[in-house]
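Just add 6 to wherever you are in the sequence shown, counting from 1, and you've got the numbering used here.
The beta carbon of each residue, even a glycine, is placed where N, CA and C say it ideally should be.
What follows is a short report on a single structure.
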Amino acid sequence: MPKITFKNPHGKGSLPMVVEAKRGESILDAAEECHARVGHACGGNLACSTCHVYVEQGLDSLGEIADKENDIMDKAFDVRPESRLGCQAKVADEDLIVEITDESLRAWLDENPEERKKLQKAL
Ligand code: FES
Numbered sequence: 007m008p009k010i011t012f013k014n015p016h017g018k019g020s021l022p023m024v025v026e027a028k029r030g031e032s033i034l035d036a037a038e039e040c041h042a043r044v045g046h047a048c049g050g051n052l053a054c055s056t057c058h059v060y061v062e063q064g065l066d067s068l069g070e071i072a073d074k075e076n077d078i079m080d081k082a083f084d085v086r087p088e089s090r091l092g093c094q095a096k097v098a099d100e101d102l103i104v105e106i107t108d109e110s111l112r113a114w115l116d117e118n119p120e121e122r123k124k125l126q127k128a129l
């Protein structure tokens, strides 16, 4: 099974997390299973850009970016050549290294206010 390394699963400075993914599963689904903080304001319905991630390794193994994904990506911040929407990028046979964008981490905290409170108490 291919592996996904989330470089910053719980925000900046968090230790990388390596998880096994199923072929055909989205990066977002894999993130949710291991509790990596990938935002998903629209529930994976290709209507926001909060699942924006950088695929640093294995990008070419993912399917082509559809026009609609490109359209939604236009809403994202700091888009790079390795940008993908986590809900649309499906794992193939290659291992991936994924960095969760600041935008996506912020969105995840917005979606999980209890975790945001814990974080603020810890600071
Ligand atoms: S979760 Fe909204 S586009 Fe991916």
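Item	Value
Less than 6 Å between C-beta atoms, sequence neighbours within five positions excluded: which residues of the same chain meet that for glutamine 94?	Glu75
Can you tell me where the beta strand (DSSP E) holding methionine 23 begins and where it ends?	23-26
Please return the same chain residues whose Cβ sits closer than 8 Å to the Cβ of lysine 9, not counting the five positions on each side in sequence.	Val24, Val25, Glu26, Ala27, Asp101 and Leu102
One question on the structure: do histidine 46 and threonine 56 come within less than 8 Å of each other, judged by their Cβ atoms?	yes
Within 10 Å of its beta-carbon, does glycine 64 have 16 or more other beta-carbons around it, so buried, or fewer, so exposed?	buried
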